[in-house]
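Number of protein chains: 2
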Amino acid sequence: MPLELSVDRSSPVPLYFQLSQQLEAAIEHGALTPGSLLGNEIELAGRLGLSRPTVRQAIQSLVDKGLLVRRRGVGTQVVHSQVKRPLELSSLYDDLEAAGQRPATKVIVNTVVQASAEVAAALNVAEDSDVHRVERLRLSHGEPMAYLCNYLPPGLFELNTDQLEATGLYRLMRAAGITLHSARQSIGARGATAEEAERLTEREGAPLLTMQRTTFDDTGRAVEFGTHTYRPTRYSFEFQLLVRP
Amino acid sequence: MPLELSVDRSSPVPLYFQLSQQLEAAIEHGALTPGSLLGNEIELAGRLGLSRPTVRQAIQSLVDKGLLVRRRGVGTQVVHSQVKRPLELSSLYDDLEAAGQRPATKVIVNTVVQASAEVAAALNVAEDSDVHRVERLRLSHGEPMAYLCNYLPPGLFELNTDQLEATGLYRLMRAAGITLHSARQSIGARGATAEEAERLTEREGAPLLTMQRTTFDDTGRAVEFGTHTYRPTRYSFEFQLLVRP
DNA sequence: TCAATGCGTATGTCCGGACAATCGAACTAC
DNA sequence: GTAGTTCGATTGTCCGGACATACGCATTGA
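Just so you know, the protein sequences line up as chains W and L, in that order. So the first sequence is numbered by the working numbering: it starts at 1 and just counts up by one. So the second sequence is numbered by the working numbering: it starts at 246 and just counts up by one.
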């Protein structure tokens with residue numbers, strides 16, 4: 001029984017995108033079972049009234065997402081494993097919200113400071129030039145979960161404390177028209193200093209999970225540098241990654 | 246001054262791949278400076294004697310790698326930031342070797358055991374069925390750096406202790422014809438148990454970086470499940486990730 | 001002076017076709 | 001029975017063209 005697929009040519013949504021979304025929904029929904037063959041591209045194109053390149057583009061986007069696997073001479077199969085989503089540049093806020101945790105944020109510091117050598121190097125600005133500094137405590141179920149310290153270059157956009165407590169930093173940046181492109185991250189661990197321990201209601205020397213990140217927009221500007229510490233009993237980094245073929 | 250580009254039509258290497266490699270080399274080498282425009286696709290295609298779809302395919306692969314950015318009505322630009330490589334499914338061994346650290350491996354355990362509930366769930370095999378168990382100590386500059394405990398389903402390939410000490414697990418799997426596809430990872434931290442502390446020559450309770458990973462091949466089979474502990478003073482996870490547009 | 005309009009340019013989408021490379025299975029020969 | 005060969009099926013690569021869409025800039029108008 002072939003899958004119900006159709007495209008709307010009067011829609012402004014690209015045809016290949018309509019198709020890829022329907023296929024993805026069918027996989028998610030279980031209509032396309034893992035391991036099942038998708039049927040050959042030419043026949044699929046004919047059935048939908050599309051050209052083969054358009055169908056290929058739709059399929060390729062799902063291959064890139066890790067949902068499909070192509071085998072020459074065999075066909076295109078639905079991947080058999082539990083693919084969730086590849087690692088993306090997500091904010092802690094979004095992660096928690098997606099998990100239904102209703103995160104709370106408390107802005108501790110929101111000011112302008114002179115860039116230290118480390119911050120200046122990360123943001124590619126002159127040392128001692130002005131940069132925004134934001135320190136936030138992220139809570140989940142009323143308990144401290146992470147301490148986030150971020151630096152932003154000046155003139156990027158207004159850092160409103162109320163907004164920072166209502167949503168995540170990345171969402172604010174996107175809303176300000178900044179196109180996030182890539183980030184360099186470093187994840188490590190260390191014992192908590194006395195100050196860190198107090199912030200997170202841990203004892204001194206307790207193991208902490210740490211993350212440093214510099215984010216770039218599509219022009220190559222560094223738009224954010226952050227140093228985060230997490231309570232490992234309450235947070236860990238979970239993600240899926242794909243092997244680039 | 247246009248860039249020197251050419252393709253060899255007698256080569257079995259796909260034309261779009263030849264072009265993308267040359268462009269990538271030009272970016273790496275500095276012939277294409279960050280921010281510079283690549284020149285429009287049609288003119289580029291004409292200059293190389295290629296069709297526009299072929300040129301687009303080459304460019305697209307570099308966009309996917311994060312090296313180029315396309316802007317409608319503007320052109321294609323070289324990304325201005327320091328892109329190294331996106332996060333990939335690399336083994337610790339490869340990482341260390343790439344950093345010129347000449348890693349050493351000591352196989353502590355290489356045997357077959359009955360799968361615990363956790364291992365059975367991760368590998369999707371029956372509880373108490375036979376699985377391979379490998380425990381290795383990874384050293385760098387003669388000092389312990391990580392303790393790696395891995396489980397593999399039976400019948401996948403022969404786990405030779407000598408080979409395990411000479412190279413990484415992923416390299417062995419690839420050599421055995423296994424096509425790695427994706428992995429689910431979890432990175433956290435905790436204090437060392439007495440046993441862990443001794444293995445890594447740390448004191449009990451010292452902060453450790455932990456990683457759990459299940460790797461799948463392109464048929465969806467789980468081919469490996471591992472629990473790793475790292476000394477955070479000697480190792481951290483460094484990677485770059487791209488925003489999927 | 002400043003905002004709205006129009007235009008050129010570049011990428012985005014889509015088509016229909018052609019041939020090559022590879023996989024798997026059926027078939028054949030020993 | 002087994003090994004090698006052939007063959008159909010399917011994806012991979014490539015072509016040349018067409019129109020749509022969005023951005024930046026110059027022109028125009030108030």
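Where is the CB? At the ideal position from N, CA and C, for every residue including glycine. Keep in mind that this is a model prediction, so the values were computed, not measured.
Fewer than three Cβ pairs drawn from the segment 233-241 of chain W and the segment 251-262 of chain L lie within less than 8 Å of each other, which leaves the two stretches out of contact. Residue 146/W is bridged by DSSP to 138/W, 230/W.
The residues 378, 379, 380, in chain order, have a CB closer than 7 Å to that of residue 354/L in the same chain once the five nearest residues on each side in sequence are set aside. For residue 295/L, no beta strand (DSSP E) segment is defined, and its DSSP state is neither H nor E.
In this structure, DSSP gives residue 357/L an extended state, which the three-state scheme calls strand. For residue 222/W, the beta-bridge partners assigned by DSSP are 216/W. Neighbours of residue 482/L across chain W, judged by C-beta separation under 8 Å: 185, 186, 187, 188. Within chain W, the residues placing a beta-carbon under 9 Å from that of residue 324/L are 181, 182, 216, 218, 219, 220, ordered along the chain. Among the residues of chain W, those whose CB is under 8 Å from the CB of residue 311/L are 181, 182, following chain order. With a contact defined as Cβ atoms closer than 8 Å, residue 396/L and residue 382/L miss out at about 17 Å.
Residue burial is scored here from C-beta neighbours: residue 210/W has at least 16 other C-beta atoms within 10 angstroms and is therefore classed as buried.
Taking all protein chains in view, the Cβ of residue 259/L is surrounded by fewer than 16 other Cβ atoms within 10 Å, so the residue is classified as exposed.
Here the alpha carbons of residue 460/L and residue 66/W stand approximately 13 Å from one another.
Bridge pairing for residue 77/W: 37/W, 69/W [DSSP].
Contact annotation for residue 232/W against chain L: 433, 434, 435 [CB-CB distance below 7 Å, chain order].
Using a CB distance cut-off of 8 Å, residue 207/W counts as an interface residue toward chain L. For residue 114/W, same chain residues with a beta-carbon under 6 Å away, outside a window of 5 residues either side, are 128 in chain order.
DSSP, read as helix, strand or coil, puts residue 244/W in coil. Assigned with DSSP and collapsed to three states, residue 186/W falls in strand.
The segment 291-304 of chain L makes no contact with the segment 189-198 of chain W: fewer than 3 CB pairs, one atom from each, lie closer than 8 Å. DSSP, read as helix, strand or coil, puts residue 371/L in coil.
Taking a beta-carbon distance threshold of 8 Å, residue 240/W counts as an interface residue toward chain L.
Secondary structure at residue 104/W: strand, using DSSP grouped into helix, strand and coil.
For residue 198/W, the enclosing alpha helix (DSSP H) covers residues 194-199. Residue 69/W belongs to the set of residues whose beta carbon lies under 8 Å from a beta carbon in chain L. Excluding the 5 residues flanking it on each side, residue 119/W has same chain C-beta neighbours closer than 7 Å at 131, 151, 225, in chain order. Just so you know, the alpha carbons of residue 219/W and residue 171/W end up roughly 19 Å apart.
The closest CA to that of residue 69/W, considering only 47/W, 34/W, 174/W, 227/W, is found on 34/W.
Close to chain L, meaning a Cβ-Cβ distance shorter than 8 Å, is no residue of the segment 144-164 of chain W at all. DSSP lists 433/L, 474/L as the bridge partner or partners of residue 455/L. Residues of the segment 17-50 of chain W with a Cβ closer than 9 Å to any Cβ of chain L, in chain order: 34, 35. If you look at residue 17/W, you'll find it in the alpha helix (DSSP H) that goes 15-29. Cβ contact annotation for residue 163/W (same chain, cutoff 7 Å, sequence separation greater than five): 172, in chain order. DSSP places residue 480/L in the coil class of the three-state scheme, outside both helix and strand. With 16 or more other Cβ atoms from the protein chains shown falling within 10 Å of its own Cβ, residue 80/W counts as buried. For residue 56/W, the secondary structure class from DSSP, reduced to helix, strand or coil, is helix.
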